[in-house]
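K.L.:
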Amino acid sequence: MSVRVRFAPSPTGDLHVGGARTALFNWLFARKTGGTFILRVEDTDGARNTAEASAGIIKGLRWLGLDWDEGPEIGGPCGPYFQSQRKDIYDAYLKRLEDAGRVYTEENGAVRFKFSRTAITVHDLVCGDVTFAPTEEPDMTVRRPDGSYIFHFVNVVDDIEMRMTHVFRGEDHLSNTWKHIDLFHAFGATPPIYAHIPLILNPDGTKMSKRDEGSAIEHSYMNAGYLPDAVFNYLCLLGWTPKTEAEKLSRAELTALFDAEAIHSSNAKFDLKKSLWFNAQYLRELNADDLLRHARPFLAARGLSWADDAVAAAAVHSVREKISLLAELPEWVHYFFREDFPFEADVLAKLKARPENAGLLKAAGESLAQAAEWSEQSVHDAVEAAARTLNVKPGAMMPLLRFALSGQSRGPGVTTIAHLIGREKTLTRIERALGQF
RNA sequence: GACCCCUUCGUCUAGCGGUUAGGACACAUCCCUUUCACGGAUGCGACACGAGUUCGAUUCUCGUAGGGGUCGCCA
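Quick note on the numbering used here: the first sequence kicks off at 805 and runs consecutively.
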């Protein structure tokens, strides 16, 4: 029987890292086994679910590159894939329970499922066999007085209807799984194979919730300038190890290596620094054009624009090894795009402390003005010549030029900056900087 | 409170009876260097505790402690 797995989010808010990783593991398992990955939106609680949240979750999944074979936007043989549209199916299933005498209605109209009250064992791919003693909990409500259904009921009904073979979900569901199995049995159905995956915790060990740093996919990752591949890679390694030398692995490698039984049973803490490291790794291997494509919205957000894509691409590419997030890009490249960039005060003060600096900068400018051509090499040669004439090291001039051309004390090579902005702007900027001394 | 899961460097983890307990991130130092970075090298740093099994426990069993989860007409 071919594998069928699903990600079943409740659209009560943004896609959360925990949910994203649950989706990721399901996706990995489906792709690895050649199975089917289904997206099902569990929006049975009209009071809490919103269409915006639903759209946001879909947007987040797409951004991560998790495509589904059945579900919203593409349909499939087991639709509809929004539980809010499946009431008839649930009514029919409830009828079966009624016929079997397994439910009863409360005074106010709520319907409860009679637990079998037998010992129930969950055979879990991650946790092993977990046996729950006959319960003493009150019977479980499956339908509200208003006719809408409760999670446990619709979740099981849909897993039967959609013929799920495996269920990868957060470990927070483990303690309730016996209820689901009880329901499967009541329907005369065979439960899927469960795999309860560990939770992602905050650095302090508390449960990660919507407000916590690094929890919301759109806010903490998409908008911060992470690359989807980096997040995909990092999240995979939280709760599972491919046992390879390298940790930076492509989707194809991760998919091939994925092993459900190797998923850990202990929770993992989210490590911001490591997630940034992963992103930096992916960022620096992007070519200039791809980097610019990803950088566009971040540069635009800071009001930076340009006429020549090639120069802009070269500019962002020149600082690719200095950033961890795309959102950091503007502060590293803004001076490539404008002539009125600010001179950083502390850097200026430091440079002015040496009275000879103004003369050195002026000499460098004059030498640059006479360069025969304009390449990184010729810029370098011109500075070197000027330095030699004044009997100083080129290293004494470079910081001055860097400051003149960028207003900063850090950045790509001075020759790279000069080459990219061209001779005219280089000379103008030197003049402007000289005015500061 | 009851029940369930978990416990190796600060963090992610390798380990599946005998290892100098390995790697990655972070951190520190050094090297490289026109800056900031990258990169390279080195260092710091862990088996929660107590019993038991065993010739021998990080590894198996039990207990304790700690952490997490579940006990909804939320999902």
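In this text, a Cβ means the ideal position worked out from N, Cα and C, and glycines have one as well. Fair warning: this is a prediction, and the values are worked out from it, not measured in the lab.
Distance, Cα to Cα, R906 vs D950?
P.N.:
Taking the straight line from one Cα to the other gives about 20 Å.
K.L.:
Counting along the chain, where does the beta strand (DSSP E) carrying L865 start and finish?
P.N.:
Looking at the DSSP string, L865 is not in any beta strand (DSSP E); the run it does join, the alpha helix (DSSP H), is 855-868.
K.L.:
Whole alpha helix (DSSP H) runs in the segment 1130-1184 with 4 or more residues, listed along the chain?
P.N.:
Within the segment 1130-1184, the complete alpha helix (DSSP H) runs of at least 4 residues are 1133-1137, 1149-1156, 1161-1173.
K.L.:
Quick one: is Y894 buried, meaning 16 or more other Cβ sit within 10 Å of its Cβ, or exposed?
P.N.:
Buried, by the Cβ-count rule.
K.L.:
Just mark M966 as buried or exposed, buried being the case when its beta carbon has 16 or more other beta carbons within 10 Å.
P.N.:
Buried, by the Cβ-count rule.
K.L.:
Among the candidates S1019, K1156, E941, L1209, whose CA atom is the shortest distance from the CA of F1074?
P.N.:
With distances taken between Cα atoms, F1074 lies closest to S1019.
K.L.:
Where DSSP assigns a beta bridge to R1227, which residues make up the other side?
P.N.:
The partner list for R1227 (beta bridge, DSSP) is empty, contrary to what the question assumes.
K.L.:
Label S806 either buried or exposed according to how many other C-beta atoms from any shown protein chain fall within 10 Å of its C-beta, with 16 as the threshold for buried.
P.N.:
Classification of S806: exposed, given that the 10 Å Cβ count is below 16.
K.L.:
Which ranges would you report for the alpha helix (DSSP H) in the segment 976-1015 if only whole runs of at least 4 residues count?
P.N.:
As far as the segment 976-1015 is concerned, its whole alpha helix (DSSP H) runs of at least 4 residues are 981-990.
K.L.:
Could you tell me which residues DSSP puts in a beta bridge with Y908?
P.N.:
Bridge partners of Y908: R916.
K.L.:
Output the boundary residues of the alpha helix (DSSP H) element that contains M1201.
P.N.:
That run of the alpha helix (DSSP H) goes 1198-1210.
K.L.:
Indicate whether P933 and L978 have their beta-carbon atoms separated by less than 9 Å.
P.N.:
Looking at the sequence shown, residue 933 is not Pro but Asp. For D933 and L978, no; Cβs fall outside 9 Å.
K.L.:
Grab me the residues of W831's own chain with a C-beta within less than 7 Å of its C-beta, minus the 5 sequence neighbours each way, in chain order.
P.N.:
Around W831: F841, L870.
K.L.:
Give me the Cα-Cα distance between H1138 and L1003, rounded to the nearest whole angstrom.
P.N.:
Going by the C-alpha atoms only, they are around 40 Å apart.
K.L.:
Would you check if the distance between the CB atom of R890 and the CB atom of V958 is smaller than 9 Å?
P.N.:
Contact: yes.
K.L.:
With R1100 as the anchor, note down where its alpha helix (DSSP H) starts and where it stops.
P.N.:
Unbroken alpha helix (DSSP H) run through R1100: 1092-1104.
K.L.:
In angstroms with no decimal places, state the Cα-to-Cα distance between H984 and S1024.
P.N.:
Approximately 34 Å between the Cα atoms of the pair.
K.L.:
Just to confirm my understanding: we take D1033, look at its own chain, exclude 5 residues before and 5 after, and list those with CB closer than 6 Å. What are they?
P.N.:
Result list for D1033: Y1086, in chain order.
K.L.:
By Cβ distance below 8 Å, which residues in the same chain neighbour A937 in space, the five residues on each side in sequence not counted?
P.N.:
Within the same chain, A937 has close Cβ partners A923.
K.L.:
Do L1205 and V1218 have their beta-carbon atoms positioned less than 9 Å apart in this structure?
P.N.:
Contact flag set, yes.
K.L.:
Quick check on the DSSP output: the beta strand (DSSP E) that includes I1021 runs from which residue to which?
P.N.:
Run containing I1021: none; DSSP gives neither H nor E here.
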